[in-house]
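Student: Read in order, the letters of the sequence shown are residues 2 to 285 in our numbering. C-beta atoms are modelled at their ideal positions from N, C-alpha and C, and glycine is treated no differently.
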Amino acid sequence: MSLVQALYCSVGSFGMLLFAGMALDQADITTGSIGTNSVETSSIDMSAVDRVDECRVAQICIDHYLWSLYERTRKIDTIKVPEQTKVTVKRNGKTRIVTKTITKLVDEDFTWKDPNAAKRAGMSPMDYVIGGMDPNFRVRLYHALRALDDAGLMPGITSAFRDDYRQTIAAGQKAQSDRSYHGGSFRGGYGHGLAADIVSVKGETRAERSASSEQLWKWIDTHEKELGIGRPYLDRDAPHVAPIDDKEYAAHRVEPHTQHAEWKAKKHPRPALQNIGQKFSSQP
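1. Can you tell me whether residue 214 is helix, strand or coil according to DSSP?
2. Alpha carbons only, please: which of 104, 162, 127 and 62 is nearest the one belonging to residue 242?
3. Can you tell which of 252, 101 and 130 has the C-alpha that lies nearest to the C-alpha of residue 85?
4. Buried or exposed: residue 255, going by 16 or more other Cβ atoms within 10 Å of its Cβ?
5. Tell me which same chain residues have a C-beta within less than 7 Å of the C-beta of residue 143, skipping the five on either side of it?
6. Quick check on the DSSP output: what are the complete alpha helix (DSSP H) runs of length 4 or more inside the segment 111-184, in order along the chain?
7. What did DSSP end up calling residue 205 once you bin it into helix, strand or coil?
8. Between which two residues does the beta strand (DSSP E) carrying residue 247 extend?
9. From this set, 197, 234, 252 and 253, which residue's C-alpha is nearest residue 132's C-alpha?
10. Look up residue 95 in the DSSP assignment and give the residues it is bridged to.
11. Which residues does DSSP pair with residue 197 in a beta bridge?
12. Roughly how many whole angstroms lie between the Cα atoms of residue 181 and residue 81?
13. Quick one: grab the DSSP three-state call for residue 86.
14. Run through DSSP, which three-state label would residue 223 get?
15. For the 8 Å Cβ check, are there 3 or more pairs between the segment 145-158 and the segment 167-177?
16. In whole angstroms, give me the CA-to-CA distance for residue 192 and residue 87.
17. With which residues is residue 78 paired in a DSSP beta bridge?
18. Is it right to say residue 246 is buried, meaning 16 or more other beta carbons lie within 10 angstroms of its own, or is it exposed?
19. How far does the alpha helix (DSSP H) with residue 65 in it reach, from first residue to last?
20. Apart from the five residues just before and just after residue 253, which ones in its own chain have a Cβ nearer than 8 Å to its Cβ?
21. Could you compute how far the alpha carbon of residue 115 sits from the alpha carbon of residue 122?
22. Alpha carbon to alpha carbon, how far is residue 204 from residue 216? Give it in angstroms, no decimals.
23. Pick out whichever of 69, 179, 78 and 230 has its Cα sitting closest to the Cα of residue 211.
24. State the CB to CB distance for the pair residue 244 and residue 221, rounded to an integer number of angstroms; the pair is presumed to be in contact (CB under 8 Å).
25. Anyone know if the C-beta pair for residue 98 and residue 89 falls short of 7 Å?
26. Using C-beta distances below 7 Å, list every residue in its chain close to residue 96, excluding the 5 sequence neighbours before and after it, in chain order.
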């Protein structure tokens, strides 16, 4: 990040300017090179300014951190591909050739999908992928991913905002093109995405990264209340996370439990309580 970008983090308000000043004070700046009323740009340690941590509260810096996690993550998924093959079978003593459909698991590199969707929308990939999410969700996701990073789980983002077109070219388990919580038009579209797919990038091989991702998802399940995000579908769509206080999580994690409890109560009603006064009344 350049000095101009770092300063841009602070121009939103006077409070942001104060924060930027505090961040620079904490940076490794050459002693004695800063005057009482002015700062010489040549005296600033650019590596310190470059750190995202120095302007956490600025949305643009949060976006850059999220984008860095997106960029470092391989976009590879395992999908089911039906394949037809001709086989010879015997039926009623006769030999026949029939067509049989088998399902194969194939690795798919979907790196191209987001840039393609961004180009169609006339945006840069970063503005599309990160900017399309709800601003409050981006802040919450930022803090959650920082916690995961601090825990040594090395999180990465494989998917964030998706418009209707991007949803149509998504593979695997997915919602209807306009109803995805990633940002479908029915959910509000651009700027209203309330979901992201996260994995772990820890490991040299895919098997190692898969095992690390399992640990990451379990960690999220354990700490979802502190993080404010959770996995609505658990292992049915393991990487998918969303706010725990929003509709998607409630529909798949809260309401089913409530409905099950109500069903259980109806099926096994508790016996009516006896009149406690009668039961324990003194004998005449």
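Tutor: Taking the geometry as given:
1. In the sequence shown, residue 214 corresponds to position 213, counting from 1. Reduced to three states, the DSSP call for residue 214 is helix.
2. Stepping through the sequence shown from its first residue, residue 242 is reached at position 241. Taking only the C-alpha atoms, the option nearest residue 242 is 162.
3. The sequence position of residue 85 within the sequence shown is 84, counting from 1. Taking each of 252, 101 and 130 in turn and checking the Cα distance to residue 85, the smallest one comes out for 101.
4. Within the sequence shown, the letter at position 254 stands for residue 255. With fewer than 16 neighbouring CB atoms inside 10 Å of its own CB, residue 255 falls in the exposed class.
5. To locate residue 143, count along the sequence shown from 1; it is residue 142. Closer than 7 Å at the Cβ level, and outside the excluded window around residue 143, lie 63, 66 and 67.
6. 114-122, 126-130, 136-151 and 165-169
7. Walking along the sequence shown from the start, residue 205 turns up at place 204. DSSP places residue 205 in coil when its eight states are reduced to three.
8. Numbered from its first residue, the sequence shown carries residue 247 at position 246. Unbroken run through residue 247: none, as it is neither H nor E.
9. What you label residue 132 is simply residue 131 of the sequence shown in a count that begins at 1. For residue 132, the nearest C-alpha among the options comes from 197.
10. Here the question's residue 95 lines up with position 94 in the sequence shown. According to DSSP, which records beta bridges pairwise, residue 95 is partnered with 92.
11. The sequence position of residue 197 within the sequence shown is 196, counting from 1. In DSSP, residue 197 forms a bridge with 242.
12. In the sequence shown, counting from the first residue as 1, residue 181 sits at position 180. In the sequence shown, counting from the first residue as 1, residue 81 sits at position 80. The straight-line gap from Cα to Cα measures roughly 21 Å.
13. In the sequence shown, the residue the question calls residue 86 occupies position 85. Residue state, collapsed to three classes: strand.
14. By one-based count along the sequence shown, residue 223 stands at place 222. Helix at residue 223.
15. no
16. As a working note, residue 192 is residue 191 in the sequence shown. As a working note, residue 87 is residue 86 in the sequence shown. Rounded to the nearest angstrom, the two C-alpha atoms are 49 Å apart.
17. As a working mapping, residue 78 is identified with position 77 in the sequence shown. DSSP output for residue 78 lists 109 as bridge partner(s).
18. One-based indexing of the sequence shown puts residue 246 at position 245. Looking at its Cβ environment, which holds fewer than 16 other Cβ atoms inside 10 Å, residue 246 is exposed.
19. In the sequence shown, residue 65 corresponds to position 64, counting from 1. Per DSSP, residue 65 belongs to the alpha helix (DSSP H) from 60-72.
20. Taking the sequence shown and counting its residues from 1, one reaches residue 253 at position 252. By the criterion of a C-beta distance shorter than 8 Å, residue 253 is surrounded in its chain by 233 and 234, once the five residues flanking it on both sides are discounted.
21. As a first step, residue 115 must be located in the sequence shown, where it is residue number 114. As a first step, residue 122 must be located in the sequence shown, where it is residue number 121. For residue 115 and residue 122, the distance between alpha carbons rounds to 10 Å.
22. Here residue 216 refers to the residue found at position 215 when the sequence shown is read from its first residue. Here residue 204 refers to the residue found at position 203 when the sequence shown is read from its first residue. The alpha-carbon atoms of residue 216 and residue 204 are separated by roughly 12 Å.
23. On the sequence shown, residue 211 is found 210 positions in, with the first residue counted as 1. Selected option, being the one with the closest Cα: 78.
24. Here residue 244 refers to the residue found at position 243 of the sequence shown. Here residue 221 refers to the residue found at position 220 of the sequence shown. About 13 Å separates the two Cβ atoms, so there is no contact after all.
25. The residue given as residue 98 occupies position 97 in the sequence shown. The residue given as residue 89 occupies position 88 in the sequence shown. Contact: yes.
26. The residue labelled residue 96 in the question sits at position 95 within the sequence shown. Only 89 meet the Cβ criterion.
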